[in-house]
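S.K.: Same order as they appear, the protein sequences are chains A and L.
Quick note: the first sequence uses our numbering, first residue 1, plus one each step.
Quick note: the second sequence uses our numbering, first residue 201, plus one each step.
Protein chains: 2
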Amino acid sequence: MSPRRSKALPAYRSASQAARTLMVLGLLQRGPMHGYELYRIIVAHGALYADFKKPTLYHLLERLAEDGAVKVTSEAGTRGRRGERLVYALTAAGRRIFMDLLRETLGAYQPVHSGLDVAIVFMARLPPADAIALLKTRRETVLARRALVSGEGKPPPPPERATAASLAASHALGLIDAELAWIAQAISQFASAAPPPAHT
Amino acid sequence: MSPRRSKALPAYRSASQAARTLMVLGLLQRGPMHGYELYRIIVAHGALYADFKKPTLYHLLERLAEDGAVKVTSEAGTRGRRGERLVYALTAAGRRIFMDLLRETLGAYQPVHSGLDVAIVFMARLPPADAIALLKTRRETVLARRALVSGEGKPPPPPERATAASLAASHALGLIDAELAWIAQAISQFASAAPPPAHT
DNA sequence: CGGACTATAGTCAATATGGACTTTGCTTTA
DNA sequence: TAAAGCAAAGTCCATATTGACTATAGTCCG
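(1) Have a look at L:Pro358, L:Arg338, L:Gly231 and L:Leu380 and flag the residue whose alpha-carbon is nearest the alpha-carbon of Ala292 (chain L).
(2) Would Tyr109 (chain A) pass as an interface residue toward chain L - the criterion being a Cβ-Cβ separation below 7 Å?
(3) Over what stretch of residues does the alpha helix (DSSP H) that includes Asp377 (chain L) continue unbroken?
(4) Taking the DSSP output, what are the residues bridged to Lys336 (chain L)?
(5) At a cut of 8 Å, does the region 114–126 of chain A reach the region 245–256 of chain L through at least three beta carbon pairs?
(6) Indicate whether at least one CB of chain A lies closer than 7 Å to the CB of Arg204 (chain L).
(7) Please name the residue in A:Ala89, A:Asp67, A:Arg63 and A:Glu66 whose C-alpha comes closest to that of Ser74 (chain A).
(8) Taking Cβ positions, are Ala219 (chain L) and Leu167 (chain A) nearer each other than 7 Å?
(9) Closest Cβ-Cβ distance between Ser114 (chain A) and chain L: below 7 Å?
(10) Kindly indicate if chain A contains any beta-carbon less than 7 Å away from that of Thr341 (chain L).
(11) By the 10 Å Cβ neighbour count, where 16 or more other Cβ atoms means buried, how is Ile241 (chain L) classified, buried or exposed?
(12) Is it buried or exposed, Tyr236 (chain L), if we count other Cβ atoms within 10 angstroms and call 16 or more buried?
(13) Which two residues bound the contiguous alpha helix (DSSP H) that contains His313 (chain L)?
(14) Suppose you measure from the CA of Met323 (chain L) to the CA of Thr163 (chain A); what does that come to, to the nearest Å?
(15) Mind checking if Tyr12 (chain A) is an interface residue toward chain L, Cβ cutoff 7 Å exclusive?
(16) Would you say Thr141 (chain A) and Gly307 (chain L) are within 7 Å of each other, going by their C-beta atoms?
(17) Grab me the residues of Arg339 (chain L)'s own chain with a C-beta within less than 6 Å of its C-beta, minus the 5 sequence neighbours each way, in chain order.
(18) So the alpha helix (DSSP H) Thr278 (chain A) belongs to, where does it begin and stop?
(19) In chain A, which residues lie less than 9 Å from Leu261 (chain L) when you measure between Cβ atoms?
(20) Grab the span of the alpha helix (DSSP H) containing Phe29 (chain A) for me, first residue to last.
(21) By a C-beta neighbour count over all protein chains shown, 10 Å radius and 16 as the cutoff for buried, is Thr160 (chain L) buried or exposed?
(22) Step through the CB atoms of chain A and report whether any lies within less than 7 Å of the CB of Tyr249 (chain L).
(23) Judging by CA-CA distance, which residue of A:Arg146, A:Ala169, A:Ala144 and A:Arg145 is the nearest neighbour of Pro156 (chain A)?
(24) Is the separation between the beta-carbon of Ala191 (chain A) and that of Ala378 (chain L) shorter than 7 Å?
(25) Quick check on Leu48 (chain A): does DSSP put it in helix, strand or coil?
(26) Quick one: list the residues of chain A neighbouring Ser392 (chain L), beta-carbon separation under 8 Å, in chain order.
(27) Helix, strand or coil: how does DSSP classify Arg125 (chain A) here?
(28) Once DSSP output is grouped into helix, strand and coil, what is the label at Ser274 (chain L)?
(29) If we cut at 7 Å on Cβ distances, does Ala347 (chain L) have a partner in chain A?
(30) Can you find a CB in chain L that lies within less than 7 Å of the CB of Gly31 (chain A)?
(31) Quick one: which chain L residues come within Cβ less than 8 Å of Gly151 (chain A)?
(32) Work out the CA separation of Arg213 (chain L) and Leu301 (chain L) for me, nearest whole Å.
(33) Closer than 9 Å by beta-carbon distance: list the chain L residues that pair up with Asp117 (chain A), in chain order.
Here is the structure:
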């Protein structure tokens, strides 16, 4: 009788889904929307913040509806669209969940596993010249990202979102510059480990 | 007839698995090991680098064996263990894959979605006093992490891994300090947006 | 010695994720 | 104005991930 898994956490608390849930609930504060609309907004942000694919988004919306965080209403063929579309609106419970999640997210240091950490560890076992070559390539990559983030030719955000945009950008830039500094230091460390070959 | 998905990428190239693959192949450079041994090493590192759960590890090892990156041999009951254990050894192909993956990982800027970015964006819509409170909590969290990473009471690493350890640590610390600097700046930004309430 | 407890070494099956596909409506453009 | 092409709005299902379980081997304590 007893199900194997006892419906442990409400889905939105699982670490893997917290970021996405935060994003969806946050966007719904602008007002009710249907799934595809949310999807487009997320994609338009270049998935800069949370990235997820369409099916994941729809599943998440279903779960949030089950948990009462959003209220679903069926909007019959607006503008002559096919059959119906489901429109999602934030509920009071949803707003509470959003705040809880915000607090939890900030309260946990979620170490980041982009593979870079692992790469760093094993790079140390390479011949220093190879490690330096890799680091120089890495620097190009990071510089390209920096240009992107520091907003080459992006239109300035509308004033009501200016604060958010500048906070996010300065955070991202801080991390990028920290990595650049580290790269410089690592290169010189490897360079001193392997004195430059005499120009044979 | 034609399968829906055409065996697209070798599993180890999928972004989600690259970090783990790198970790496993990297560890196997120390010599052949069986699954649980790898598992313990990863856990012992506090999942500091790539974290994965046991079943994921075993699945990955299976895939790597299929792709010829590791050679599996069955070790019959060493020390009277039950039936048999499978021992995984790195192959030449595995070594090549490792290097490719290392280069690919460093060559792509994989933005990190820990939820923090999302939280930052939406924090800006809060009353400044609330945002400041959240940021101060965050500072505690990050400081705790900093203490952990900067190695409170950890035994010094064996000399052959000292370089790796110090590179990894200085990278992690750089990111942490960048976040602390950002927090300080964000707090003062919110503070100036909301002048301190007169002491009623 | 016998039972209680922990570590070893995995497997099972419920959930989550995402590449590819589908279907319907809206614009061109010839 | 008909066919071509593209955007909207999802769904399907193969894979990936992981919480919970199993089962055997040592270890310690009385």
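Backbone N, C-alpha and C define an ideal beta-carbon position, used for all residues, glycine too.
M.R.: Considering the structure as presented:
(1) L:Gly231
(2) yes
(3) Ala362 to Ala393
(4) Beta-bridge partners assigned by DSSP to Lys336 (chain L): none are found.
(5) The region 114–126 of chain A, when compared against the region 245–256 of chain L, does touch it at the 8 Å Cβ threshold.
(6) Because Arg204 (chain L) carries a pLDDT of 42, less than 50, the predicted location of this residue cannot be relied on, and the following value inherits that uncertainty. At least 7 Å separates the CB of Arg204 (chain L) from every CB of chain A.
(7) Distance check between Ser74 (chain A) and each of A:Ala89, A:Asp67, A:Arg63 and A:Glu66 places A:Ala89 closest, using alpha-carbon atoms only.
(8) no
(9) At a cut-off of 7 Å between C-beta atoms, Ser114 (chain A) counts as an interface residue with respect to chain L.
(10) At least one chain A Cβ lies under 7 Å of Thr341 (chain L).
(11) exposed
(12) exposed
(13) No alpha helix (DSSP H) contains His313 (chain L), which DSSP labels as neither H nor E.
(14) Each residue's CA atom was taken as its position, placing Met323 (chain L) and Thr163 (chain A) some 10 Å apart.
(15) no
(16) yes
(17) Ile383
(18) Because chain A spans 1 through 200 in this model, residue 278 (chain A) falls outside it and cannot be assessed.
(19) The premise fails here: Leu261 (chain L) is roughly 16 Å from chain A at the closest Cβ pair, so nothing lies under 9 Å.
(20) Note that residue 29 (chain A) is Gln in the sequence shown here, rather than Phe. It is not in any alpha helix (DSSP H) - Gln29 (chain A) carries neither H nor E in the DSSP assignment.
(21) In the structure displayed, chain L extends from 201 to 400; residue 160 (chain L) sits before or after that span and is not available.
(22) yes
(23) A:Ala169
(24) No.
(25) coil
(26) Correct list: empty, because the minimum Cβ distance to chain A is about 12 Å.
(27) coil
(28) Strand, per DSSP.
(29) no
(30) No, Gly31 (chain A) does not count as interfacial toward chain L.
(31) Within 8 Å Cβ-Cβ: nothing; Gly151 (chain A) doesn't reach chain L, min ~15 Å.
(32) Taking the straight line joining both Cα atoms gives about 7 Å.
(33) Neighbours of Asp117 (chain A) on chain L, chain order: Ala219, Leu248, Tyr249, Ala250, Ala368, His371 and Ala372.
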